[in-house]
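Residue numbers (this note's numbering): 6 to 216. The C-beta atom is built at its ideal place from N, Cα and C for all residues, glycine as well. Remarks on the structure that follows.
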Amino acid sequence: YEIASCLVGSEMCIETVIVLILSLAFTAFVKYTYRRDRLTESAYLERESRANATRRQSLDSLDYITIPLDSLPFFSNPSKEIASCQETIRHLASCRIVNLQGITNTDLKLTYGAANLPALSEYDNNYASLTGTIVKWGEQLINEGHVEEAVRVLEFGIECGTDTSSNYILLASCYIKNGDSDKFNNLRNRVHMLNTPMKKYILKKIDELNA
Numbered sequence: 006y007e008i009a010s011c012l013v014g015s016e017m018c019i020e021t022v023i024v025l026i027l028s029l030a031f032t033a034f035v036k037y038t039y040r041r042d043r044l045t046e047s048a049y050l051e052r053e054s055r056a057n058a059t060r061r062q063s064l065d066s067l068d069y070i071t072i073p074l075d076s077l078p079f080f081s082n083p084s085k086e087i088a089s090c091q092e093t094i095r096h097l098a099s100c101r102i103v104n105l106q107g108i109t110n111t112d113l114k115l116t117y118g119a120a121n122l123p124a125l126s127e128y129d130n131n132y133a134s135l136t137g138t139i140v141k142w143g144e145q146l147i148n149e150g151h152v153e154e155a156v157r158v159l160e161f162g163i164e165c166g167t168d169t170s171s172n173y174i175l176l177a178s179c180y181i182k183n184g185d186s187d188k189f190n191n192l193r194n195r196v197h198m199l200n201t202p203m204k205k206y207i208l209k210k211i212d213e214l215n216a
């Protein structure tokens with residue numbers, strides 16, 4: 006009986022020690038996380054303060070995108086959907102367009118000055134509008150049987166550095182329809198160089214199309 010009591014007591018003691026160790030570990034983790042978050046927040050606030058104090062810099066060095074209106078397939082009597090895309094593209098041709106994907110506002114202010122942030126945001130919004138319209142335009146051209154014209158539109162999207170998955174998938178489908186294996190392989194290599202979480206998805210989809 007005494008031996009059994011000692012064993013039970015020993016098990017209870019071990020359990021108590023384990024609970025105590027886990028409790029101490031959790032407390033230490035919480036304190037570490039709190040300190041890390043405070044340091045991260047402090048570093049962010051310090052960078053943001055420097056960014057807001059950065060003077061306006063010239064924007065001449067930006068990689069502006071020019072829309073080649075002469076080489077894109079504009080129809081004189083298009084459908085309503087295509088007409089809308091053509092109108093948007095013509096409007097954007099007179100705007101400043103820059104691909105600023107992946108660059109934070111803080112980094113933009115540190116590089117070009119806080120006063121330039123509204124203009125930079127406008128240029129980036131124009132880029133988003135451009136890449137989105139290209140996909141809609143290319144898809145509608147395909148739906149209406151204008152595959153060659155769709156290729157020209159979608160290839161321009163690639164030249165603009167888009168990471169929109171639909172642009173690559175639609176263009177791959179056009180290459181497959183045309184039996185253009187060289188362009189398909191070049192497009193696939195281009196996808197491999199993308200720095201986007203969608204890369205694996207795009208490769209999977211275009212490989213399925215080519216299966």
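Open item on the list: Please report the straight-line C-alpha distance between L105 and D129, rounded to a whole angstrom.
Closed with: Whole-angstrom Cα-Cα distance: 6 Å.
Open item on the list: Can you confirm whether the stretch 165 to 175 touches the stretch 124 to 141 when touching is taken to mean that 3 or more C-beta pairs between the two stretches lie within less than 8 Å?
Closed with: The stretch 124 to 141 is in contact with the stretch 165 to 175.
Open item on the list: Would L192 pass as an interface residue toward chain B - the criterion being a Cβ-Cβ separation below 8 Å?
Closed with: No chain B appears in the structure shown, which is made up of a single protein chain.
Task: C-beta contact flag for L214 and A177 at 8 Å - done: The criterion of a C-beta distance shorter than 8 Å is satisfied by L214 and A177.
Task: Residue environment, T71, which counts as buried when at least 16 other CB atoms sit within 10 Å - done: exposed
Open item on the list: Assuming contact is defined by CB atoms lying nearer than 8 Å, are I147 and Y173 in contact in what I supplied?
Closed with: no
Open item on the list: Please state whether the Cβ-Cβ distance between L115 and R61 is less than 8 Å.
Closed with: For L115 and R61, no; Cβs fall outside 8 Å.
Open item on the list: If you follow the alpha helix (DSSP H) that F4 is in, where does it begin and where does it stop?
Closed with: Residue 4 cannot be examined here, being either before or after the span of the chain that is shown, 6 to 216.
Task: Check whether L77 and V158 have beta carbons under 8 Å apart - done: It is a contact, given that the beta carbons lie within the stated cut-off.
Open item on the list: Quick check on the burial criterion: 16 or more other C-beta atoms within 10 angstroms. Buried or exposed for P83?
Closed with: buried
Task: C-beta atoms of L135 and L97 nearer than 8 Å - done: Closer than 8 Å, so yes.
Task: Segment limits, alpha helix (DSSP H) that includes S126 - done: L122 to N148
TODO: Look at A124 and L64 and say whether their C-beta atoms are less than 8 Å apart.
DONE: yes
Open item on the list: Residues in the same chain with beta-carbon distance under 7 Å from N110, minus the five sequence neighbours each way, listed in chain order, please.
Closed with: L122
Open item on the list: Can you tell me which residues form a DSSP beta bridge with Y69?
Closed with: V103
TODO: To the nearest angstrom, report how far apart N200 and I163 are at their CA atoms.
DONE: 14 Å
Open item on the list: Output needed for C90: all residues of its chain with C-beta closer than 6 Å, excluding positions within five of it in sequence on either side, in chain order.
Closed with: T138, K141 and W142
Open item on the list: Could you tell me the alpha carbon to alpha carbon distance between G184 and T59, rounded to whole angstroms?
Closed with: 53 Å
Task: Exposure of L192, with buried meaning 16 or more beta-carbon neighbours within 10 Å - done: Buried: at least 16 other Cβ atoms inside 10 Å.
Task: Cβ neighbour criterion (16 or more within 10 Å) applied to E92 - done: exposed
TODO: Pull up the distance between the alpha-carbon of L12 and that of K204, whole angstroms please.
DONE: With a pLDDT of 45 at L12, under the threshold of 50, the modelled position of that residue is not reliable, and no figure is offered here.
Open item on the list: Since N190 and A119 should fall inside the 8 Å C-beta cutoff, what is the C-beta to C-beta distance between them, to a whole number of angstroms?
Closed with: Going by Cβ atoms, the distance from N190 to A119 rounds to 45 Å, so no, they are not a contact pair.
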